[in-house]
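Heads up: the structure comes next, in structure tokens.
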Ligand SMILES: Nc1ncnc2c1ncn2[C@@H]1O[C@H](COP(=O)(O)OP(=O)(O)O)[C@@H](O)[C@H]1O
Ligand SMILES: [Mg+2]
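Numbering (our numbering), first residue to last: 13 to 459.
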């Protein structure tokens with residue numbers, strides 16, 4: 013079907029063009045850094061360039077900024093200030109996109125459909141609608157041409173990280189880029205996201221306090237995801253609540269992230285503040301956005317739990333063996349020591365059987381930064397260390413959750429909670445559970 017010329021379509025194409033230009037600016041900016049210009053000023057320039065862009069490049073930037081050991085601090089801070097404000101598709105354009113997804117009679121398949129977008133998504137926008145059975149719905153509708161925009165961004169990302177590697181020399185992120193690329197490409201496929209959503213519903217079925225949206229198959233496609241609307245308020249709304257409420261929120265987050273991980277080897281890779289909400293006096297957690305979900309090979313969980321057990325027993329051999337399973341190569345004693353610095357930081361609260369905060373006197377935005385700096389300094393002397401791809405989203409989830417717990421000033425026995433979560437862990441049982449769950453929702457594993 014050939015489409016008539018469309019000014020809004022042009023607007024969106026122009027946006028993608030801008031993204032490509034920003035990419036070019038970015039590499040010249042990084043070039044300037046190599047020439048020795050002030051890093052913070054450079055980061056500001058990057059932010060200005062990125063701020064003018066409305067593309068998924070921002071998604072990449074935000075993603076990177078949550079991995080504290082991947083970007084120098086000045087960049088990370090500037091990136092963190094970015095807010096996704098994609099230009100909304102107007103109603104005529106939305107109608108055309110909906111027609112393309114659901115057919116000419118698309119509007120009759122809803123009782124009502126709001127013309128204005130209710131929220132921006134990174135690759136599209138979310139509209140409220142009402143189903144014929146009266147249920148409130150959320151329709152996530154993708155912009156056109158996002159596949160090529162994502163590919164362009166990934167090219168820039170590779171370039172950027174390659175330059176970092178030559179500048180900084182602590183980390184070889186080539187596998188991390190593969191990982192991020194694979195997840196971003198998956199994120200284009202809303203049909204896959206629908207299955208992820210089902211997978212989380214299944215994995216969290218025993219936890220009535222955590223809810224996921226119910227997907228509506230008949231009103232969903234690869235580029236349109238229709239699901240029940242879940243309301244609630246974001247984390248920041250609850251920060252002045254009593255300790256008990258804040259602790260409860262932290263406990264719900266802990267369950268939502270580490271439960272699926274320890275029982276199924278699956279993690280929600282995007283613990284971003286916009287991706288969950290709380291309701292009913294924070295008795296209930298509404299988990300959203302299943303675009304970035306990592307289904308780990310079961311063997312990797314052996315490494316995750318093995319490292320926990322090794323650290324708890326202070327068993328050097330078990331620790332070293334765990335790093336091997338994680339995928340670290342050339343494990344010399346100084347590398348093991350550097351990795352253990354990071355592991356002790358990430359696992360620290362989980363090793364402690366007492367009520368405590370995640371970290372004392374650390375602002376949430378700086379969580380992990382000092383430790384990452386120290387570890388990077390050590391890695392530098394060892395040559396670029398290849399970061400295994402499984403590390404990326406595991407680390408990101410741990411840091412994202414840690415920052416949320418700091419925001420909440422949560423005081424919990426994280427050690428006991430984790431011990432309960434891995435009590436009786438066996439790779440075989442987990443692998444069987446994962447295979448069954450993944451098959452039930454129609455996903456294939458890469459295990
Ligand atoms: N089921 C839902 N119910 C209510 N709001 C939703 C729902 N799904 C998405 N949203 C809103 O839309 C925003 C973007 O959706 P999300 O799935 O997070 O997109 P993206 O993958 O691009 O981040 C969310 O932050 C949230 O505000
Ligand atoms: Mg989101």
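Glycine is no exception: its CB is placed at the ideal position from the N, C-alpha and C atoms.
Checklist line | Bounding residues of the beta strand (DSSP E) (the contiguous stretch that carries residue 152) | finding: Looking at the DSSP string, the run of the beta strand (DSSP E) that includes residue 152 is 148 to 154.
Checklist line | Buried/exposed call for residue 49, threshold 16 Cβ in 10 Å | finding: With a pLDDT of 46 at residue 49, under the threshold of 50, the predicted position of this residue should be treated as unreliable, and no value is reported.
Note to self: I'd like the span of the alpha helix (DSSP H) that includes residue 136, first residue to last.
What the structure shows: Following the DSSP letters along the chain, one finds residue 136 in no alpha helix (DSSP H) but inside the beta strand (DSSP E) bounded by residues 136 to 142.
Margin query: Quick check: the region 261 to 270 against the region 287 to 305, are at least 3 beta-carbon pairs closer than 8 Å?
Written below: Yes, since at least three Cβ pairs between the region 287 to 305 and the region 261 to 270 fall closer than 8 Å, the two stretches touch.
Note to self: Using a Cβ-Cβ cutoff of less than 8 Å, which residues in the same chain neighbour residue 456 once the five nearest sequence positions on both sides are dropped?
What the structure shows: The beta carbon of residue 456 is closer than 8 Å to those of 450 in its chain, skipping five residues each way along the sequence.
Next item on the list: For residue 207, verify whether its CB is less than 7 Å away from any heavy atom of ligand 1.
Entry: Incorrect: residue 207 has no Cβ contact closer than 7 Å to ligand 1.
Notebook entry, point to check: Since residue 318 contacts residue 362 with CB under 8 Å, what's their CB separation in whole angstroms?
Noted result: So it is not a contact: roughly 14 Å between Cβ atoms.
Checklist line | Which residues DSSP lists as bridging residue 346, in chain order | finding: Residue pairing for residue 346: DSSP places it in no beta bridge.
Note to self: Using a Cβ-Cβ cutoff of less than 6 Å, which residues in the same chain neighbour residue 39 once the five nearest sequence positions on both sides are dropped?
What the structure shows: Model confidence at residue 39 stands at a pLDDT of 46, short of 50, so the residue's coordinates are unreliable and nothing is read from them.
Next item on the list: Mind reading off the beta-carbon distance from residue 370 to residue 414? Whole number of angstroms is fine, and I expect it under 8 Å.
Entry: Contact flag correct, Cβ pair sits at about 5 Å.
Notebook entry, point to check: Do residue 258 and residue 421 have their C-beta atoms closer together than 8 Å?
Noted result: Between residue 258 and residue 421, the CB-CB gap stays under 8 Å.
Note to self: Suppose the cutoff is 8 Å on Cβ atoms and the five residues either side in sequence are ignored; what does the same chain contact list for residue 204 look like?
What the structure shows: Excluding sequence neighbours, residue 204 sits near 198, 455.
Checklist line | Span of the alpha helix (DSSP H), counted from its first residue to its last, around residue 101 | finding: Unbroken run through residue 101: none, as it is neither H nor E.
Next item on the list: Could you tell me which residues DSSP puts in a beta bridge with residue 305?
Entry: Partner(s): 280.
Check: My guess is that residue 186 and residue 206 are in contact by the Cβ rule of under 8 Å, so how many angstroms apart are they, rounded?
Finding: Actually they are not in contact, since the Cβ atoms of residue 186 and residue 206 sit about 31 Å apart, beyond 8 Å.
Checklist line | Nearest residue (CA-CA) to residue 138, options 129, 146, 323 | finding: The option with the nearest alpha carbon to residue 138 is 129.
Item checked: Close beta carbons around residue 340, own chain, < 8 Å, minus the five adjacent residues each side -> So the list reads 347, 351, 397, 398, 400, once near-sequence residues are dropped.
Check: Name the DSSP bridge partner or partners of residue 227?
Finding: For residue 227, which the question treats as bridged, DSSP gives the partners 239.
Next item on the list: Under 6 Å Cβ to Cβ from residue 285, same chain only, skipping five residues before and after it: list those, please.
Entry: If we look at residue 285 and ignore the five residues flanking it on each side, its Cβ neighbours are 246, 247.
Item checked: Closest Cα partner of residue 273 within the set 104, 188, 305, 132 -> Of the listed residues, the one whose Cα sits closest to residue 273 is 305.
Notebook entry, point to check: Do residue 113 and residue 237 have their CB atoms nearer than 8 Å?
Noted result: In this structure, residue 237 does not lie closer than 8 Å to residue 113 by Cβ.
Next item on the list: Assign residue 409 to buried or exposed, taking buried as 16 or more other Cβ atoms, counted over all protein chains shown, within 10 Å of its Cβ.
Entry: By the Cβ neighbour-count rule, residue 409 is buried, with 16 or more other Cβ atoms within 10 Å of its own.
Next item on the list: Determine the burial state of residue 227: buried for a count of at least 16 other Cβ atoms within 10 Å of its Cβ, exposed for fewer.
Entry: Residue 227 sits buried, since 16 or more C-beta atoms from the chains shown fall within 10 Å of its C-beta.
Checklist line | Contacts around residue 419, its chain only, beta-carbon distance under 8 Å, and the 5 residues preceding and following it disregarded | finding: Answer for residue 419: 247, 248, 251, 376, listed in chain order.
Check: Does ligand 2 have a heavy atom nearer than 7 Å to the CB of residue 425?
Finding: Outside the cutoff, so no.
Checklist line | Cα-Cα separation, residue 324 to residue 141 | finding: So the two alpha carbons sit approximately 50 Å from each other.
Note to self: Considering only their Cβ atoms, is the gap separating residue 111 from residue 103 smaller than 8 Å?
What the structure shows: Taking 8 Å as the Cβ cut-off, residue 103 and residue 111 do not qualify as a contacting pair.
Margin query: Following a CB-centred definition, is residue 127 positioned closer than 7 Å to any heavy atom of ligand 2?
Written below: No, the beta carbon of residue 127 sits no closer than 7 Å to any heavy atom of ligand 2.
Check: Taking the alpha-carbon positions, what's the residue 394 to residue 182 distance?
Finding: One Cα belongs to residue 394, the other to residue 182, and the distance between them is close to 8 Å.
Check: Does DSSP classify residue 431 as helix, strand or coil?
Finding: Helix, per DSSP.
Margin query: Given a cut-off of 8 Å on the beta-carbon distance, is the pair residue 320 and residue 434 in contact?
Written below: Contact annotation: residue 320 and residue 434 have beta-carbon atoms nearer than 8 Å.
Note to self: Taking the alpha-carbon of residue 292 as reference, which of 353, 336, 220, 301 has the nearest alpha-carbon?
What the structure shows: Out of 353, 336, 220, 301, the CA that lies nearest to the CA of residue 292 is found in 220.
Check: Excluding the five sequence neighbours on either side, which residues of its own chain have a C-beta within less than 7 Å of the C-beta of residue 314, listed in chain order?
Finding: Result list for residue 314: 337, 439, in chain order.
Next item on the list: Quick one: residues with CB closer than 5 Å to any heavy atom of ligand 4, in chain order, please.
Entry: Within the structure as shown, ligand 4 is missing, the only ligands being ligand 1 and ligand 2.
Notebook entry, point to check: Any C-beta of chain C sitting closer than 8 Å to the C-beta of residue 102?
Noted result: Absent here is chain C; the protein component of the structure consists of one chain.
Notebook entry, point to check: Along the chain, where does the beta strand (DSSP E) that runs through residue 298 open and close?
Noted result: 296 to 299 is the span of the beta strand (DSSP E), which, as asked, contains residue 298.
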